[in-house]
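> In this note's numbering, the protein residues as written are 90 to 405.
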């Protein structure tokens, strides 16, 4: 069997094909399906989806077959209990985290040698999407996980636009017309807004409070207009843009993840919008009501009249 064919086989086939050395026994749990809440995207919060587990645990050979003594074998229950314990611990964003916890629990038995864990979501696409990991018992001093490195940037087929609406615009009589114009505009967009009140940013605590105030305003907007959804992470933002969703940015997570003083804070919400435009490679930053045009990397900057939301369509 070639590597491509093996990649899509179930874990018990992969375990058999990849093993070298003395033979090991294998116990498995296949097609174990649970309905759970998991996922990093807003659309996955507050709802459940089916998740399927396939687990193969390789264990040292023993003489249980000769004595027919159940106490000498690793029980199948160990695998299902590992799955249930991982699900009961807390809500998770990543299948990778769930798979790691299942694998770690399976390897606690002294007879365990190696475990294959495949976890798949069954309701996100017509087929199944998921992860598979292989873990073995290793000395405690051995490094288990490589450090995460930041990717240089994710390519996008279409470069998005970032639109900044100042608090006076969003709180004014023309706010609904601007939101309608953004929804009608045939271009992937990210909406950035200000907090409902000006935010000082003299101390670190004030900076965090200011970012949280912007996030509160973003959630208030989506409550007022359900056509928009809040996004916080870069992964979710990329997915929302590719999916054609109308998004409003919650800045705290991305802004605080960037070390140093090379980003604006909540006291300059238009500057935050410009910073986001540069971060995601936007080709256009549109500001409405901003006192001055912020820096936006390579994005072109256009300032529009707060009284003319129809002008947005003219930028096509």
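Cβ coordinates follow ideal geometry from the N, Cα and C atoms, glycine included.
#1: Report yes if the CB atom of residue 274 is closer than 7 Å to the CB atom of residue 401, and no otherwise.
#2: Can you tell me whether residue 258 is helix, strand or coil according to DSSP?
#3: From residue 142 to residue 170, what does the alpha carbon distance come to, in whole angstroms?
#4: Can you tell me whether residue 291 is buried or exposed, with buried defined as 16 or more other CB within 10 angstroms of its CB?
#5: Residues in its own chain within less than 8 Å of residue 342 by CB, not counting five upstream and five downstream?
#6: How many Å lie between residue 244 and residue 319 at the Cα?
#7: Going by DSSP, name the residue or residues bridged to residue 218.
#8: Check for me: the beta strand (DSSP E) holding residue 138 runs from which residue to which?
#9: Alpha carbon to alpha carbon, how far is residue 261 from residue 307? Give it in angstroms, no decimals.
#10: Which whole-angstrom value describes the C-beta separation of residue 148 and residue 114, a residue pair presumed to lie in contact below a C-beta threshold of 8 Å?
#11: Taking 6 Å as the limit between beta carbons, can you name the residues of its chain near residue 326, skipping five residues before and five after?
#12: Go ahead and label residue 334 buried or exposed: buried means 16 or more other beta carbons lie within 10 angstroms of its beta carbon, across all protein chains shown.
#13: Is residue 122 buried or exposed, if buried means 16 or more other CB atoms sit within 10 Å of its CB?
#14: Given this structure, state the Cα-to-Cα distance separating residue 362 from residue 201, to the nearest angstrom.
#15: Can residue 388 and residue 371 be called in contact, C-beta distance under 7 Å?
#16: So is residue 249 buried or exposed if we call it buried at 16+ other beta carbons inside 10 Å?
#17: What would DSSP say about residue 183, mapped onto helix, strand or coil?
#18: Distance check for residue 185 and residue 354, CA to CA, integer angstroms please.
#19: Would you tell me roughly how many angstroms separate the C-alpha atoms of residue 203 and residue 164, rounded to the nearest one?
#20: What is the rounded straight-line gap between the Cα of residue 198 and the Cα of residue 328?
#21: Do residue 207 and residue 126 have their beta-carbon atoms positioned less than 7 Å apart in this structure?
#22: Return yes when the Cβ of residue 191 is within less than 7 Å of the Cβ of residue 175, no when it is not.
On the basis of the data shown:
#1: Within the chain shown, the letter at position 185 stands for residue 274. Within the chain shown, the letter at position 312 stands for residue 401. Result yes, Cβ atoms of residue 274 and residue 401 sit closer than 7 Å.
#2: Along the chain shown, read from residue 1 onward, the residue named residue 258 stands at position 169. Reduced to three states, the DSSP call for residue 258 is helix.
#3: Residue 142 sits at position 53 when you count from the first residue of the chain shown. Residue 170 sits at position 81 when you count from the first residue of the chain shown. Distance between the alpha carbons of residue 142 and residue 170 is about 12 Å.
#4: As a position in the chain shown, residue 291 is number 202, starting the count at 1. By the neighbour-count rule (16 or more Cβ atoms within 10 Å), residue 291 is not buried but exposed.
#5: If you number the chain shown from 1, residue 342 lands on position 253. Hits under 8 Å: 321 and 322.
#6: Stepping through the chain shown from its first residue, residue 244 is reached at position 155. Stepping through the chain shown from its first residue, residue 319 is reached at position 230. Caution applies to residue 244, whose pLDDT of 40 falls short of 50 and renders its modelled position unreliable; the value that the coordinates give is listed next. Whole-angstrom Cα-Cα distance: 22 Å.
#7: Start at 1 with the first residue of the chain shown, and residue 218 comes out as number 129. Paired residue(s): 210.
#8: As a position in the chain shown, residue 138 is number 49, starting the count at 1. Where residue 138 is concerned, the enclosing beta strand (DSSP E) stretches over 138 to 148.
#9: Residue numbering aside, residue 307 sits at position 218 when the chain shown is read from its first letter. Residue numbering aside, residue 261 sits at position 172 when the chain shown is read from its first letter. Going from the Cα of residue 307 to the Cα of residue 261 covers about 16 Å.
#10: On the chain shown, position 59 is the one that residue 148 refers to. On the chain shown, position 25 is the one that residue 114 refers to. Their Cβ separation, rounded to whole angstroms, is 5 Å, which keeps residue 148 and residue 114 in contact under 8 Å.
#11: In the chain shown, residue 326 corresponds to position 237, counting from 1. Closer than 6 Å at Cβ, skipping near neighbours: 320.
#12: Here residue 334 corresponds to residue number 245 of the chain shown, with the count starting at 1. By the neighbour-count rule (16 or more Cβ atoms within 10 Å), residue 334 is buried.
#13: Within the chain shown, the letter at position 33 stands for residue 122. So residue 122 counts as exposed.
#14: The count along the chain shown starts at 1 and reaches residue 362 at position 273. The count along the chain shown starts at 1 and reaches residue 201 at position 112. Distance between the alpha carbons of residue 362 and residue 201 is about 52 Å.
#15: For this step, residue 388 is matched to residue 299 along the chain shown. For this step, residue 371 is matched to residue 282 along the chain shown. Yes, the Cβ-Cβ distance between residue 388 and residue 371 is below 7 Å.
#16: Taking the first residue of the chain shown as 1, we reach residue 249 at position 160. By the 10 Å Cβ count, residue 249 comes out buried.
#17: Walking along the chain shown from the start, residue 183 turns up at place 94. Correct three-state label for residue 183: coil.
#18: Translated into the one-based positions of the chain shown, residue 354 becomes position 265. Translated into the one-based positions of the chain shown, residue 185 becomes position 96. In a straight line, the C-alpha of residue 354 is about 33 Å away from that of residue 185.
#19: Looking up residue 203 in the chain shown gives position 114. Looking up residue 164 in the chain shown gives position 75. Looking at the two C-alpha atoms, the distance is approximately 15 Å.
#20: Your numbering for residue 198 matches position 109 in the chain shown. Your numbering for residue 328 matches position 239 in the chain shown. Going by the C-alpha atoms only, they are around 40 Å apart.
#21: Here residue 126 corresponds to residue number 37 of the chain shown, with the count starting at 1. Here residue 207 corresponds to residue number 118 of the chain shown, with the count starting at 1. Contact flag unset, no.
#22: Mapped onto the chain shown, residue 175 falls at position 86. Mapped onto the chain shown, residue 191 falls at position 102. Result yes, Cβ atoms of residue 175 and residue 191 sit closer than 7 Å.
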